[in-house]
Each structure stands twice: as structure tokens, then as C-alpha cells.
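A.B. asks: Let me give you the structure first, and then I'll get to my questions.
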Amino acid sequence: MSPVLDIKDLSIAYQTPGGDVRAASHVNLTINKGEVVGLCGESGSGKSTLAYGACRLLRPPAVITSGSVLYSGARTGTAVPVDILRLPHDDLRAIRWRDVAIVFQSAMNALNPVLRVRDQILDGMEAHLRLRKDEAHEKAARLLDLVGIPRERLRSYPHELSGGMRQRVMIAMALAADPEVVIMDEPTTALDVVVQRDILAQIVELKDTLGFSVLFITHDMSLLLELCDRIAVMYAGRIVELGSAADLQNAAAHPYTQGLLRSFPSLHGARRELTGIPGSPPDLRDPPQGCPFIPRCGFAQPGCAQVDMSLIPVRGGRSPLHVTACPFVTHEGAVNAAPEQETTAPEGALS
Amino acid sequence: MTQDAAITLTSAAAGNGPLALEAVGLSKDFRLGHGATLHAVRDVHISLYKSAVVALVGESGSGKSTVARMLAGQDTPTAGAIRLDGEPVDVRTSRAFRRYKSQVQYVFQDPFGSLNPVHSVGYHLARPVKLHQGRDVDVKKRVIELLEQVRLTPAAQFEPKYPHELSGGQRQRVSFARALAAEPNVLLADEPVSMLDVSIRLEMLNLLDDLRKRLHLALLYITHDIASARYFADEVLVMYGGQIVERGPAEEVTQQPAHPYTQLLIASAPDPDNLGSVLKSGNSVPRARGAGSGPAAVGCPFSNRCPLAIDKCRAENPALRQLTAVRAAACWRLSEAAPALVNGTA
Chain A
1 MSPVLDIKDL SIAYQTPGGD VRAASHVNLT INKGEVVGLC GESGSGKSTL
51 AYGACRLLRP PAVITSGSVL YSGARTGTAV PVDILRLPHD DLRAIRWRDV
101 AIVFQSAMNA LNPVLRVRDQ ILDGMEAHLR LRKDEAHEKA ARLLDLVGIP
151 RERLRSYPHE LSGGMRQRVM IAMALAADPE VVIMDEPTTA LDVVVQRDIL
201 AQIVELKDTL GFSVLFITHD MSLLLELCDR IAVMYAGRIV ELGSAADLQN
251 AAAHPYTQGL LRSFPSLHGA RRELTGIPGS PPDLRDPPQG CPFIPRCGFA
301 QPGCAQVDMS LIPVRGGRSP LHVTACPFVT HEGAVNAAPE QETTAPEGAL
351 S
Chain B
1001 MTQDAAITLT SAAAGNGPLA LEAVGLSKDF RLGHGATLHA VRDVHISLYK
1051 SAVVALVGES GSGKSTVARM LAGQDTPTAG AIRLDGEPVD VRTSRAFRRY
1101 KSQVQYVFQD PFGSLNPVHS VGYHLARPVK LHQGRDVDVK KRVIELLEQV
1151 RLTPAAQFEP KYPHELSGGQ RQRVSFARAL AAEPNVLLAD EPVSMLDVSI
1201 RLEMLNLLDD LRKRLHLALL YITHDIASAR YFADEVLVMY GGQIVERGPA
1251 EEVTQQPAHP YTQLLIASAP DPDNLGSVLK SGNSVPRARG AGSGPAAVGC
1301 PFSNRCPLAI DKCRAENPAL RQLTAVRAAA CWRLSEAAPA LVNGTA
């Protein structure tokens, strides 16, 4: 498997009067060709920041403080991967959307309400592809075919489309230039489950025919387990666990991942005990020493403050690619040292 | 459409306590202009019992919020009756409306929009206390009590705070406290957790559940997430196209759905135990026909998407048909959709 997008040691901070908010710290994540990688975490965990940062789409006060993002697509023309973070502006423009496309969050509102769907699609094509007018029109129509919307809808305004259709239009636009990597930021969050499943099935189908890779961002862990080849779990700006979907489902190692898995009710099978994760994430202006999950972790122990949060293979895990930032866990999820019984209940925790 | 069958039907929530709020044959039409009418809600029966949770499940546009708004006295039904403790509800004068509001309170979906950014937490809670509990109540003490009830402790620290200083979960707790300030018997919670993070949702539902038990609240839980209804509710009502298409005990409806729409809804929900398989093979879940198209205007509202639809479904709207003492579904093709359930009652 060859990496298409290789995020290395990426750190991003938002500069605020109250201090730097370290939204992403030393993140490493590789997306291979044809792979669906899930990025999971609660709001404020830095998942969107990471994705936008990797495409250099962030504006001040956000600054990239370290790292590189190596892109090695078929069309870069050179054998060596290019670093998106250091590309001259014109080259960056050439890569964005053509090679790395984004389906933005709340796509329901990302369409311009006063332009017809056709004009919005053509607008993007005009900027990035050199096509004759009739070719561009034909391509726009074919894109709608691809995502299962009747061609007549090219003449529609966004308000004339249902939420699911608007979402499909956004996906069609992202696919217009036949990209190598598509980043999808919560593309189905606002939709109901029936439409959501339909769109996800379509994404997978398109991925198989067109051969792009997907970075899928959501807070819905159950969705990722069904959809993804690999899943990265992010907490407080750091990836705390990374592994195949099966690894995470059967042998979730990090206590945060375990908590996430016990947070959502399941519809199928026996009722499981749900515990959730008490407390709230730390202030990223002044994150705690060591592991940021300490205040909410049921297994916190004195060694946790010295953890450097680098990803290491899960002890006893089946695959060396199943890695976690917690050195105290084994593949059975059990914590090595005796768990402390009396964890300080964070504010608002359930007794 | 009549619901004769529903009359002998017992609510799965009835065992928990006495009947508090009841709606019979509730309908709401909106006039659209050009002489067209939108039947947003058609002939809905809901019974809310004390200490019980009834979940109203449906996709956006199914009419579930309209039902809640009518129950809250904020919209007037086109037809049907609402009864509180057996008395017909009258909210035509502001005094009557206020009296009704002291019994029936509403929790909004968006904790970011439902609190006024220029008022403190204390102000948000003191107002309903003064409004609903007369002059001789110790407002300050009551506000602290309310904050403790929703576990915003230390309460004295939260009282002077402004909404922007609170997290989403804390804001929603303030909304709960505000609803409880009137000491209501009925709480209508419209998607109370859908704007919150997954890790916090469970905590919120547990809090609601706990309040329901301690204060003997009759709770209507409106959601699009049928999985949370399974864990949280006693009875589930599934709405589609403004009608209740299936109702019954939460566990039974989610584990053995009768109506084709409920079946589709449950098959579509993400299943963490089904690693990759469903989406990748793309065959185990039937792709919904005409997904994204609205409910049918004539006949069964689900007929244009239903895999089992026959001509009768497209022509005539089915009434709720009773399946067991506590279950009913509105479908002409129940013997095909859920043979085990239908034969059980034959």
C-alpha cells in the first residue's frame, strides 16, 4: 500500500489573547491509496483543524507550528512526494480540489443560495479545469448522474433540493476533478439515518469505481466502525489510538476509545451497559502534563503525567499497526497496573 | 382515517403511573397558498403517564415537533383534543396559558440558541420561579436548588455565569433547570441531546431519566435516533409523514419492527457489530427506493418508498391495526411485513 497523503508531526495552534490554543499537537496520520480512514473525536478535539490544516486552508489566528504533509499522487509528475505545507501558492492551487478535495461540514449550508446548482459546479470547474463550455456542461450533468440526482436539477436552486440532495451535490462537486483524496468533514451529520446510509453506500461505491482515498471525519464511532478500513481516535488535539476497524471494535485499548464505544446505544443485539465519559475535555490553552485524558480517565495512575503521547503498538495486540498513546493498556483493554478506585469525579459527573 | 383499533390499545408506558397528558385525534394542517394544504400531523394519539418516557421517533419533517408544539400549547390543533389530568386544555387566554405552562414545560433542542446570551444563569432560572411560584417563595434558594437538581455544582458558582462561559452540556442542564423551575408534571423534550457530543449525550439522558424518576415527570422524548429510544423510553411511537405508523414497547419495536418504515429505519442505523460488511457489500440493506423524496400525498405516506407497496397502499391510507395488547402498526401489508406478529394475534 502506498501512502497518498502522509501527515507528519503536524501541530496547529490558534493564537488568542489568552494564550495559544494547541488544537493539534504532533499528529501523524497516513492515508493509503484507495483507503477509507476515519477520524473520530468529540467537538473541539481538533479533527477538523487537522484536516483543514493539512490542506493549508486555515487562516490566522491559526498557525501551523510544526510538521509536514506529504502528497504523492499520480499527477504530481515527480517521483518524490511534495510537501503541501511548503508548496508555492500556484502549485498549491493546482493540487487543491484537483488532487485533494474537501466536502465541507454542514454542506446543507455550504451551497450559495442565490446561484443555481449548475452555476456553482461550473464555477469550480472554470477555476480548476480547462474545459470548453459544452464539455463543462456535459461534465456537470454527468456528475449529478454519478451521485444519483436527475440532470434537470442542474437548474434548481439549493432551497429546492432536500438536505440529502444538497449533500450529494457537494459530493459531486468534490469529485468533479477526479481527486486522489477526498476529505469529508461530518458529511452526513445533519441527515437522518436512512438518507445517511444511502449516501455512505454511494460514497463507497464511487470510491471503488474511481479509486480515490477518503478521510472521513465524524464523532459517530458506530458509523466509522462500519465504514472505515482504519480509524484514528483524536482527543484534545492528539491521536490517542489508531488501528483497523476490527482492532478498535474488538480490542479498543485507550480508555478514551473504550469510553466512546460505551457511549452510544446500540440497536442490534443485546442491550449493553452504557457508561459514557464523565467530565469535559481540557482547556487546550493549558493542557495537563502528560496524557490530556487524565482527569476523565477511570484508570489514571501516577505514571500518566509522564506519558509523552507518542503512539506505540498495543501490548499483546494482534497487529503492529494497532497503536495507542497509552502505555499502560494491553490488547484486552485491561490496564496493566491496578486501577485506582477513587478517581476524582469531575464537575458534573454522575454519581 | 379512523383509529378504532387504537382505542383498546394500552400504552406500554401505562404501568408507570397515572395518566398526565393525553392527546386524542390530534391533527394540524398548514395552508400553503395556491389552495394547497399540508397535513403536517394527522390523527395522532399520545398518552403521557407520570414517571414514564414516551419516545416520538421520526425523520426531519415527519411532524414530531409540530406534535410537541401543540402539546405545549404553542400551536392550536386543527382537530383533536388535548387533556391534562382528564380536563380539556384551554390556552386561549394568557392566564390560562400560563397556568397550563406551569404544568407542561418544553425543553428546546439547541442549548446554544435557547439561552439569552446577555442574561446570567441565575436570571434564566429566577424568572420562571417568580412567574410560576408566587411571591412568597425564596427565589434565591429555589434557583440554587434547581442548579443542584441538574447537578451544576457548586451551584453558587454557576448562578452568576453567562451562557458563553458554559459548555454545551452545561447549557443544556440550564435548560432542564429552567423547565423544572415551574415544577411541571409533564416535560416535552424536543431532541434534547442531538446538538451535544456523543460522549456527553449519555450523561444527559441519564440525568433526564433520573429527574423523571425522582420528580415523577411524564416525559415526551422526541428524537430521530431510535437507538437512544430503545434504551431510554418505555413506549416508542414511530412517525412518518405526519402519522404514527407504529407504536409499542421500546424493546419490542426496535427488536421486532412491524412496519416497513420502522424496519428500514432500524436497518439503516449504523451497527457497530457489523464491521464494514453492510456498506462494503452493499447488499444486506435494501436501498430505499426514492430516498429523499417526501411522503406520498395520497394513500399510505410510505407507499412511494415501500418495497411491499401494492395498489391499495397507493390509494388508501391504512389505520393503526392492533397487533398485541400494547402494539399497533398502520400498514395494509402487515402479514407480509411482519408475519410472525400478525399470526400471533390471529
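As you go down the protein sequences, you meet chains A and B in turn.
The first sequence runs 1 to 351 under my numbering.
The second sequence runs 1001 to 1346 under my numbering.
Cβ atoms here follow ideal geometry from the backbone N, Cα and C, with glycine treated the same way.
On a predicted model such as this, the values are computed, not experimentally measured, just so you know.
Could you confirm whether any beta carbon from chain A is found closer than 8 Å to the beta carbon of B/Y1231?
C.D. replies: By this cut-off, B/Y1231 is an interface position.
A.B. asks: Report yes or no: do the region 1210 to 1217 of chain B and the region 250 to 266 of chain A share at least 3 C-beta pairs separated by less than 8 Å?
C.D. replies: Result no; under three Cβ-Cβ pairs closer than 8 Å.
A.B. asks: What are the residues in the region 251 to 267 of chain A lying within 7 Å of chain B by C-beta distance?
C.D. replies: Those would be G259, L260, S263, F264, P265, S266 and L267, in chain order.
A.B. asks: Whole beta strand (DSSP E) runs in the region 61 to 103 of chain A with 3 or more residues, listed along the chain?
C.D. replies: Listed in chain order, the complete beta strand (DSSP E) runs (minimum 3 residues) inside the region 61 to 103 of chain A are 62 to 71 and 100 to 103.
A.B. asks: Report the neighbours of A/V323 on chain B: residues whose CB is nearer than 7 Å to its CB, in chain order.
C.D. replies: The contacting residues do not exist; A/V323 stays about 19 Å from chain B at best.
A.B. asks: Under 8 Å Cβ-Cβ, which residues of chain A neighbour B/D1197?
C.D. replies: Result: E42, S43 and H219.
A.B. asks: Cα separation between A/I64 and A/G53?
C.D. replies: In a straight line, the C-alpha of A/I64 is about 7 Å away from that of A/G53.
A.B. asks: Mind checking if B/H1259 is an interface residue toward chain A, Cβ cutoff 8 Å exclusive?
C.D. replies: No, B/H1259 does not count as interfacial toward chain A.
A.B. asks: Any C-beta of chain B within less than 8 Å: which residues of the region 173 to 198 of chain A qualify?
C.D. replies: Result list: D192, V193, V194, V195, Q196, R197 and D198.
A.B. asks: Secondary structure at B/Q1243, three-state DSSP: helix, strand or coil?
C.D. replies: B/Q1243 falls in the strand class under three-state DSSP.
A.B. asks: Can you check the region 130 to 209 of chain A for any alpha helix (DSSP H) of at least 4 residues that lies completely inside it and give the ranges in chain order?
C.D. replies: With a minimum length of 4 residues, the continuous alpha helix (DSSP H) runs that stay inside the region 130 to 209 of chain A are 133 to 146 and 163 to 174.
A.B. asks: Terminal residues of the continuous alpha helix (DSSP H) containing A/I294?
C.D. replies: No alpha helix (DSSP H) holds A/I294; DSSP gives it neither H nor E.
A.B. asks: Are the region 316 to 325 of chain A and the region 229 to 247 of chain A touching by the rule of at least three beta carbon pairs closer than 8 Å?
C.D. replies: Flag = yes, the region 316 to 325 of chain A and the region 229 to 247 of chain A touch.
A.B. asks: Would you call the CB atoms of B/F1227 and A/L267 closer than 8 Å?
C.D. replies: The amino acid occupying residue 1227 of chain B in the given sequence is Ala; Phe does not appear at that position. Against a cut-off of 8 Å, the Cβ pair of A/L267 and B/A1227 comes out as a contact.
A.B. asks: Name the chain A residues whose beta carbon is nearer than 7 Å to that of B/A1269?
C.D. replies: Correct list: V193 and L267.
A.B. asks: Please name the residue, chosen from B/P1077, B/A1233 and B/D1210, that lies closest to B/Y1221 on a Cα-to-Cα basis.
C.D. replies: Nearest option by C-alpha distance: B/A1233.
A.B. asks: One question on the structure: do B/V948 and B/D1190 come within less than 8 Å of each other, judged by their Cβ atoms?
C.D. replies: Nothing can be reported for residue 948 of chain B, as the shown portion of chain B is limited to 1001 through 1346.
A.B. asks: Does chain B have any CB closer than 8 Å to the CB of A/L50?
C.D. replies: No, because no Cβ of chain B sits closer than 8 Å to the Cβ of A/L50.
A.B. asks: With a floor of 3 residues, list each beta strand (DSSP E) that falls wholly inside the region 211 to 272 of chain A, ordered by position along the chain.
C.D. replies: If we require 3 residues or more, the beta strand (DSSP E) runs fully inside the region 211 to 272 of chain A come out as 213 to 218, 230 to 235 and 238 to 244.
A.B. asks: Alpha carbons only, please: which of B/K1028, B/P1018 and B/S1335 is nearest the one belonging to B/V1350?
C.D. replies: Residue numbering for chain B in the displayed model covers 1001 to 1346; residue 1350 of chain B lies beyond these limits and cannot be assessed.
A.B. asks: Could you tell me which chain A residues have their CB closer than 7 Å to the CB of B/S1060, listed as they occur along the chain?
C.D. replies: Under the 7 Å cutoff, chain A gives D192.
A.B. asks: Can you tell which of B/D1043, B/R1099 and B/L1021 has its C-alpha closest to the C-alpha of B/G1134?
C.D. replies: Out of B/D1043, B/R1099 and B/L1021, B/R1099 has the C-alpha closest to the C-alpha of B/G1134.
A.B. asks: Should the region 175 to 195 of chain A be called in touch with the region 7 to 21 of chain A, which here means at least 3 C-beta pairs below 8 Å?
C.D. replies: Short answer: they don't touch.
A.B. asks: Got a sec? Which residues, its chain only, sit under 8 Å from B/A1328 by beta carbon, not counting five neighbours each side?
C.D. replies: So the qualifying residues of the chain are A1005, A1006, L1009, E1246, R1247, G1248, L1320, R1321 and Q1322.
A.B. asks: Pull up the CB-CB distance for A/L70 and A/P81, whole angstroms please, since I reckon it's below 8 Å.
C.D. replies: Between A/P81 and A/L70 the Cβ distance is about 4 Å, and since that is below 8 Å, they are a contact.
A.B. asks: Using beta carbons (cut-off 8 Å, strictly below), is B/S978 in contact with chain A?
C.D. replies: There is simply no residue 978 of chain B to check, as chain B begins at 1001 and stops at 1346 in what is shown.
A.B. asks: Taking only three categories from DSSP, how would you classify B/E1059?
C.D. replies: In this structure, B/E1059 counts as coil in the three-state DSSP scheme.
A.B. asks: Near B/N1283, which residues of its chain fall below 8 Å by C-beta distance, leaving aside the five closest residues on each side in sequence?
C.D. replies: Interpretation of B/N1283 is limited by its pLDDT of 42, a score under 50 that renders its predicted location unreliable; the figure taken from the coordinates is listed afterwards. For B/N1283, where only same-chain residues beyond five positions count, there are no Cβ hits under 8 Å.
A.B. asks: Please identify the residue among A/G269, A/F212 and A/S2 whose C-alpha is closest to the C-alpha of B/E1251.
C.D. replies: Comparing Cα-Cα distances from B/E1251 to each of A/G269, A/F212 and A/S2, the minimum goes to A/G269.
A.B. asks: Which residues does DSSP pair with B/H1039 in a beta bridge?
C.D. replies: The partner list for B/H1039 (beta bridge, DSSP) reads B/D1029.
A.B. asks: Please list, in chain order, the residues of the region 274 to 298 of chain A that have any C-beta partner in chain B closer than 7 Å.
C.D. replies: Under the 7 Å Cβ criterion, the region 274 to 298 of chain A contributes L274, G276, I277, P278 and S280.
A.B. asks: Can you tell me which residues form a DSSP beta bridge with B/E1235?
C.D. replies: In DSSP, B/E1235 forms a bridge with B/V1054 and B/P1249.
A.B. asks: Determine contact between the region 1065 to 1084 of chain B and the region 1135 to 1145 of chain B, defined as no fewer than three beta-carbon pairs at a distance below 8 Å.
C.D. replies: Result no; under three Cβ-Cβ pairs closer than 8 Å.
A.B. asks: Looking at the C-beta of B/S1284, does it have a partner C-beta in chain A at a distance below 8 Å?
C.D. replies: Here B/S1284 scores only 41 on pLDDT, less than 50, and its place in the model is too uncertain to base an answer on.
A.B. asks: Just verifying my parser: in three-state terms, what is the DSSP assignment at A/K47?
C.D. replies: It is helical.
A.B. asks: Is there a C-beta anywhere in chain B that falls below 8 Å from the one on A/S25?
C.D. replies: Answer no: the Cβ-Cβ gap between A/S25 and chain B never drops below 8 Å.
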